[in-house]
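Engineer: Before I ask anything, here is the structure I am working with.
Residue numbers (my numbering): 748 to 1091.
Dropping the structure here:
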């Protein structure tokens, strides 16, 4: 595999493929299932384009927002001053679909740009530009095209003047209850067999993966009589030794009265690994990480909201309760803010 893609962009490339972003990457990092709205809210698993305001848990007609990481530093005079580091921005059209995305470098320069094109509320193309440095000559361009089902059917990524990344995607509907998705990038390929129940909910799947590391994964989804996801059980194995995601994983889910996810608990090989909690509006509240059945680290979040109930300030406090590098409890605090513009 190409080193440049391995180190920097392969995961970003995969995230831009609609179906794989919802299934393949979530499977390969099993706990991410709990953050995928399609799986959590128990909706039919046919992948369809949805309003991106809801995808990003935004209220109101958001036109654009810019994310900042905020911290304090001591200048030469010994006075503490606030510093803002721009992290990224998202822009939406008036129907709520994402039309632009930017990621910024630590020096404030643009690292990459995404733009998206729709027709009749269906994505037909997007363009991805990555800047390896600040010169236009070093930019790398990825182009994606989609069919009427929202499946990426054509993709080209030019990362050097003399090289092209060849991508191919195929969807084969064996029956109403079985669908096969195949993806290849140069000589590497992934294949996902999906199996659906009589109500159209994803019941189980089997996947073979090569794009990140040769591996196999199977997963089973357990729901209530409304189709709401209650538990995910997965088995993963890879050729690479020591992969922390290998083995048996179980995730259990609970919900607020308004059907939003309240928390999920992730068990790896029978041992509690993580608990993640959300408020009734979908905002992340806390993450608890366990090692050897003992709480190792916790992250706690607090927010300030605007009149639309979107957060504009966020603080995370990470507490390390045990570490070989520290003899006592250690806390790390990060502050974030968002500047949000709305359509009238």
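Note that the Cβ used here is the ideal one computed from N, Cα and C, for glycine as well.
This structure is a prediction, so every number in the text was calculated from the model and none was measured.
#1: Between which two residues does the alpha helix (DSSP H) carrying residue 799 extend?
#2: Pull up the CB-CB distance for residue 1060 and residue 1084, whole angstroms please, since I reckon it's below 8 Å.
#3: With H, G and I counted as helix, E and B as strand and the rest as coil, what does DSSP make of residue 934?
#4: For my contact list, residue 984 and residue 957 are in at a C-beta cut-off of 8 Å; report their separation, rounded to the angstrom.
#5: Determine whether the beta carbon atoms of residue 993 and residue 965 lie at a separation below 9 Å.
#6: My parser needs the beta strand (DSSP E) runs of 3 or more residues fully inside the segment 822-866; what are they?
#7: Note down the Cα distance separating residue 998 from residue 904, rounded to an integer number of angstroms.
#8: Grab me the residues of residue 805's own chain with a C-beta within less than 7 Å of its C-beta, minus the 5 sequence neighbours each way, in chain order.
#9: Kindly give me the distance between the Cβ atoms of residue 894 and residue 845, rounded to whole angstroms, as I take these residues to be in contact under 8 Å.
#10: Between the alpha carbons of residue 943 and residue 899, how many angstroms are there, rounded?
#11: What did DSSP end up calling residue 977 once you bin it into helix, strand or coil?
#12: Whose CA, out of 950, 996, 981, 986, lies closest to the CA of residue 974?
#13: In chain order, what residues of the same chain lie with their CB nearer than 7 Å to the CB of residue 1029, ignoring the 5 residues before and after it?
#14: Below 6 Å CB to CB, which residues in the same chain sit around residue 1001 once its five sequence neighbours on both sides are set aside?
#15: So, with DSSP's three-state summary, where would you put residue 892?
#16: Enumerate in chain order the residues of its own chain whose CB-to-CB distance from residue 1065 is below 6 Å, with the five nearest sequence positions on each side excluded.
#17: Please list, in chain order, all residues of the same chain as residue 1012 whose beta carbon is under 6 Å from its beta carbon, the five residues on each side excluded.
#18: Taking the straight line between their C-alpha atoms, what separation do you get for residue 1033 and residue 979?
#19: Report the residue from 1068, 1050, 1062, 1063 whose alpha carbon sits nearest the alpha carbon of residue 1042.
#20: Got a sec? Which residues, its chain only, sit under 6 Å from residue 815 by beta carbon, not counting five neighbours each side?
#21: Would you call residue 861 buried or exposed, if buried means 16 or more other Cβ atoms sit within 10 Å of its Cβ?
Structural biologist: The relevant details are as follows:
#1: Position 52 of the chain shown, counted from the first residue, corresponds to residue 799. In this chain, the alpha helix (DSSP H) harbouring residue 799 covers 799-802.
#2: The residue you call residue 1060 lines up with position 313 of the chain shown. The residue you call residue 1084 lines up with position 337 of the chain shown. Going by Cβ atoms, the distance from residue 1060 to residue 1084 rounds to 5 Å, so yes, they are a contact pair.
#3: Translated into positions along the chain shown, residue 934 becomes position 187. Residue 934 carries a coil assignment under DSSP once its states are collapsed to helix, strand and coil.
#4: Numbered from 1 along the chain shown, position 237 holds the residue referred to as residue 984. Numbered from 1 along the chain shown, position 210 holds the residue referred to as residue 957. About 14 Å; that fails the 8 Å criterion.
#5: Taking the chain shown and counting its residues from 1, the one referred to as residue 993 is at position 246. Taking the chain shown and counting its residues from 1, the one referred to as residue 965 is at position 218. No, the Cβ-Cβ distance between residue 993 and residue 965 is not below 9 Å.
#6: Listed in chain order, the complete beta strand (DSSP E) runs (minimum 3 residues) inside the segment 822-866 are 827-839, 845-851, 857-866.
#7: In the chain shown, the residue the question calls residue 998 occupies position 251. In the chain shown, the residue the question calls residue 904 occupies position 157. So the two alpha carbons sit approximately 35 Å from each other.
#8: Within the chain shown, the letter at position 58 stands for residue 805. Contacts found: 1057.
#9: Numbered from 1 along the chain shown, position 147 holds the residue referred to as residue 894. Numbered from 1 along the chain shown, position 98 holds the residue referred to as residue 845. With a contact defined as Cβ atoms closer than 8 Å, residue 894 and residue 845 miss out at about 19 Å.
#10: Residue mapping note: residue 943 aligns to position 196 of the chain shown, counting from 1. Residue mapping note: residue 899 aligns to position 152 of the chain shown, counting from 1. Distance between the alpha carbons of residue 943 and residue 899: 21 Å.
#11: By 1-based counting over the chain shown, the position of residue 977 is 230. Correct three-state label for residue 977: strand.
#12: Along the chain shown, one-based indexing puts residue 974 at 227. It is 950 whose Cα lies nearest to the Cα of residue 974.
#13: Stepping through the chain shown from its first residue, residue 1029 is reached at position 282. The residues are 804, 1007.
#14: Residue numbering aside, residue 1001 sits at position 254 when the chain shown is read from its first letter. Same-chain partners within the cutoff: 1009, 1010.
#15: Residue mapping note: residue 892 aligns to position 145 of the chain shown, counting from 1. The answer is strand: DSSP assigns residue 892 an E or B state.
#16: Position 318 of the chain shown, counted from the start, is the residue given in the question as residue 1065. So the list reads 1046, 1079, once near-sequence residues are dropped.
#17: Counting from 1 along the chain shown, the entry for residue 1012 is found at position 265. Once the five neighbours on either side are set aside, the close Cβ partners of residue 1012 are 999, 1022.
#18: Locating residue 1033 in the chain shown gives position 286, counting from the first residue. Locating residue 979 in the chain shown gives position 232, counting from the first residue. Approximately 21 Å, taken between the alpha carbons.
#19: The count along the chain shown starts at 1 and reaches residue 1042 at position 295. Comparing Cα positions, the closest option is 1068.
#20: Counted from its first residue, the chain shown places residue 815 at position 68. Closer than 6 Å at the Cβ level, and outside the excluded window around residue 815, lie 831, 833, 1084.
#21: Counting from one through the chain shown, the residue named residue 861 turns up at place 114. The residue is buried, with at least 16 neighbouring Cβ atoms inside 10 Å.
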